[in-house]
Amino acid sequence: MGSYFISPTGAGDKSGKDINNAAPIGSLNTLIGKAGAGGQVLMLADRGDYNVSGILGITRGGAAGAPVTIRGVDSFGNAMDAHIVGTRPADWKAGDAAGNELFKLGTGADHLAFENLQIDNVQAAFRATADISDLTIAHVDANNVRRFFEDLASATGATATVKGLRISDVAVQGFSRDAIRLQYDTSNVVIEDLHADMGGQVGDDLPIGVHLDGTVHDVTIQRATVENVQSVSGGYLNGDGFATERGVYNVSFIDTVARGNSDGGYDLKSENTTLLRTLSEENARNYRLWGSSTLIDAVGRNPVYRGGSSEQNQLWLDSAANVTVIDSVFEDAGTRTKVISSEGRLVLDGVKITHAEQALLYTSSSLPGLSGLDTLSETIVVGQGASSSGAETYVPVTTAAGSVALMLAGNRGSDSSLVGNAIRSGNGGAALPLFEPQSAFGPITSTFGPDATSYLGALCAAYGQLSLNRVEDGIKMPMDAGAFYVRNVQAFANYDWAFG
Numbered sequence: 057m058g059s060y061f062i063s064p065t066g067a068g069d070k071s072g073k074d075i076n077n078a079a080p081i082g083s084l085n086t087l088i089g090k091a092g093a094g095g096q097v098l099m100l101a102d103r104g105d106y107n108v109s110g111i112l113g114i115t116r117g118g119a120a121g122a123p124v125t126i127r128g129v130d131s132f133g134n135a136m137d138a139h140i141v142g143t144r145p146a147d148w149k150a151g152d153a154a155g156n157e158l159f160k161l162g163t164g165a166d167h168l169a170f171e172n173l174q175i176d177n178v179q180a181a182f183r184a185t186a187d188i189s190d191l192t193i194a195h196v197d198a199n200n201v202r203r204f205f206e207d208l209a210s211a212t213g214a215t216a217t218v219k220g221l222r223i224s225d226v227a228v229q230g231f232s233r234d235a236i237r238l239q240y241d242t243s244n245v246v247i248e249d250l251h252a253d254m255g256g257q258v259g260d261d262l263p264i265g266v267h268l269d270g271t272v273h274d275v276t277i278q279r280a281t282v283e284n285v286q287s288v289s290g291g292y293l294n295g296d297g298f299a300t301e302r303g304v305y306n307v308s309f310i311d312t313v314a315r316g317n318s319d320g321g322y323d324l325k326s327e328n329t330t331l332l333r334t335l336s337e338e339n340a341r342n343y344r345l346w347g348s349s350t351l352i353d354a355v356g357r358n359p360v361y362r363g364g365s366s367e368q369n370q371l372w373l374d375s376a377a378n379v380t381v382i383d384s385v386f387e388d389a390g391t392r393t394k395v396i397s398s399e400g401r402l403v404l405d406g407v408k409i410t411h412a413e414q415a416l417l418y419t420s421s422s423l424p425g426l427s428g429l430d431t432l433s434e435t436i437v438v439g440q441g442a443s444s445s446g447a448e449t450y451v452p453v454t455t456a457a458g459s460v461a462l463m464l465a466g467n468r469g470s471d472s473s474l475v476g477n478a479i480r481s482g483n484g485g486a487a488l489p490l491f492e493p494q495s496a497f498g499p500i501t502s503t504f505g506p507d508a509t510s511y512l513g514a515l516c517a518a519y520g521q522l523s524l525n526r527v528e529d530g531i532k533m534p535m536d537a538g539a540f541y542v543r544n545v546q547a548f549a550n551y552d553w554a555f556g
């Protein structure tokens with residue numbers, strides 16, 4: 057165990073044995089070997105920038121419980137960020153060279169810790185190229201990179217699994233592909249206190265903030281913020297804050313934020329996924345869920361559609377999704393929003409939803425797998441445009457509108473039935489066109505029959521409070537126990553209504 061020194065160009069005999077004989081940066085791997093288990097390599101941060109045009113290959117390491125630490129210090133031994141500058145164009149734009157990879161960790165690079173570094177203008181700050189274990193990266197900032205960290209094997213057919221990875225107190229400003237990408241069977245991962253902002257570096261393929269692929273498992277991501285991951289061209293605008301692929305499992309998001317991404321804030325295909333106190337705001341689909349997930353105290357706010365063949369949703373579920381949402385809040389005033397767009401199984405438990413009066417609470421395809429509506433607290437507010445980006449306050453619909461709606465309602469318990477193409481209700485109710493009777497309500501109609509007595513009452517008994525929706529217009533008719541009324545008074549201007 058020992059301490060060795062590195063400076064930008066070296067000094068004295070360049071052996072690294074002391075500060076006056078600091079080795080150049082190209083000797084890093086050799087000095088890691090000399091330092092041995094529990095040792096350290098100190099990069100002098102007050103001797104100028106480290107200009108690195110190639111790869112710093114590392115194949116040596118420490119021992120379990122005794123890593124070798126590579127860290128930046130000043131000449132007095134105090135922590136100070138060593139500044140490393142690569143070859144990526146400082147004003148990178150799509151089509152430019154990606155730049156050089158920096159720290160390339162191969163076989164033998166186990167039990168290492170990197171601390172107190174500022175890394176600018178590189179293709180990849182860290183890349184694991186073989187199976188390694190016990191890697192810590194802490195107090196490191198990066199600017200203008202394609203990726204900050206990834207595991208990608210060098211050899212064809214090989215793997216680069218990392219067993220035991222901690223990335224802590226890291227800021228990435230300006231990346232074009234991923235801040236962090238993990239794959240293979242990488243496990244026992246903690247990513248914490250991360251801030252990653254794509255910073256306008258659009259044009260790379262399929263950008264994602266934090267991306268988990270392969271069979272990555274046992275991952276905790278906490279106090280992490282990913283924002284502004286965007287695509288600006290193509291038929292579908294990719295750009296996810298956090299994304300997990302099928303095969304990934306046991307992932308926890310705790311106190312994390314996804315903001316301003318052009319696709320999903322959380323685009324998760326993993327199984328056994330937990331989201332605790334997460335915030336997703338101003339993404340096209342704030343939560344895009346494909347596998348099994350539980351959301352607790354989650355918040356979705358102000359989704360924003362930016363173009364392409366997408367939607368503007370708080371919750372979007374694939375047909376294979378199995379999701380439970382507990383004590384969570386979803387709020388916005390965008391008229392384009394479909395709050396819930398689901399083809400999977402969705403259980404709501406104590407959820408609060410605020411949405412514009414012109415918005416859609418849920419699509420018709422959401423009904424078969426949707427439960428817990430009786431625990432839902434719904435607030436309808438005045439629309440603030442197609443999306444309500446930046447909104448912090450919401451104005452409830454006026455009392456006058458509510459009074460008109462109640463005046464038009466039939467008596468509770470009124471007998472209602474489906475006759476031809478109309479729902480007819482007596483006792484002061486109304487006769488009106490049935491919106492999309494086959495496509496929207498085919499499964500339910502077939503269950504009760506097209507002429508079923510108390511059609512609305514049967515639906516309410518089976519599913520709780522419901523809404524009939526004309527999906528393309530966002531018009532909705534909430535119903536309760538056979539009585540029905542129209543909350544969206546603006547709908548009267550769009551249709552001919554007959555009341556009797």
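556 is the number that this note's numbering gives the last residue of the sequence shown; the numbers go up by one with no jumps. We put the CB at the ideal spot given by N, CA and C, even for glycine.
Assigned secondary structure, residue i (DSSP; H/G/I helix, E/B strand, else coil)
i	result
Pro359	coil
Ile62	strand
Asp405	strand
Gly297	strand
His107	The sequence as given places Asn at residue 107; His does not occur at that position. If DSSP states are grouped into helix, strand and coil, Asn107 belongs with the strands.
Asp261	coil
Ser189	strand
Arg90	Residue identity differs from the one stated: residue 90 is Lys in this sequence, not Arg. It is helical.
Gly82	helix
Asn172	strand
Asn339	coil
Ser348	strand
Ser243	strand
Asn317	coil
Asn369	strand
Ser422	helix
Asn156	coil
Asn284	coil
Asp69	coil
Asn76	helix
Val218	strand
Lys149	coil
His442	The sequence shown places Ala at residue 442, not His. Note: Ala442 maps to coil in three-state DSSP.
Val395	strand
Met57	coil
Residues bridged to residue i [DSSP beta-bridge criterion]
i	result
Phe231	Val201
Gln278	Glu248, Ile310
Gly452	The residue you asked about is not Gly; residue 452 is Pro in the sequence shown. BP columns for Pro452 point to Val437.
Met99	Ile62, Gly128
His411	Ile436
Val385	Val355, Lys408
His167	None, per the DSSP bridge assignment.
Asp430	DSSP lists no partner for Asp430.
Asp137	BP columns for Asp137 are empty, so no partner.
Thr329	Val307, Ser349
Glu206	Arg183, Arg237
Tyr322	Phe298, Tyr343
Ser224	Ala194, Glu248
Asn378	Ser348, Arg401
Gly113	Lys160
Beta-carbon proximity of residue i to residue j, cut-off 7 Å
i	j	result
Gly439	Ala389	yes
Asp269	Glu301	yes
Asp130	Asp102	yes
Val307	Val355	no
Arg392	Tyr361	yes
Val178	Asn199	no
Tyr292	Gly363	no
Asp207	Leu173	no
Ser326	Tyr343	no
Ile62	Met99	yes
Ser23	Asn369	The question about residue 23 has no answer here: the residues shown for the chain are numbered 57 through 556.
Val407	Leu432	yes
Ile188	Leu161	yes
Proximity test, residue i beta-carbon vs the ligand ADP heavy atom, cut-off 6 Å
i	result
Arg237	Only the bare structure without any ligand can be found here, which leaves the ligand ADP out of the picture.
Whole-number beta carbon distance between residue j and residue i, since they are thought to touch under 8 Å
i	j	result
Val226	Met254	Val226 to Met254, Cβ: 15 Å. No contact.
Gly297	Val282	4 Å
Thr115	Ala165	6 Å
Val266	Ile247	7 Å
Gly425	Ser398	6 Å
Gly117	Ile81	That belief does not hold up - the Cβ atoms of Gly117 and Ile81 are roughly 18 Å apart, past 8 Å.
Thr143	Ser109	5 Å
Leu191	Gly220	7 Å
Ala150	Asp323	No, Ala150 and Asp323 are not in contact; Cβ-Cβ is about 22 Å, not under 8 Å.
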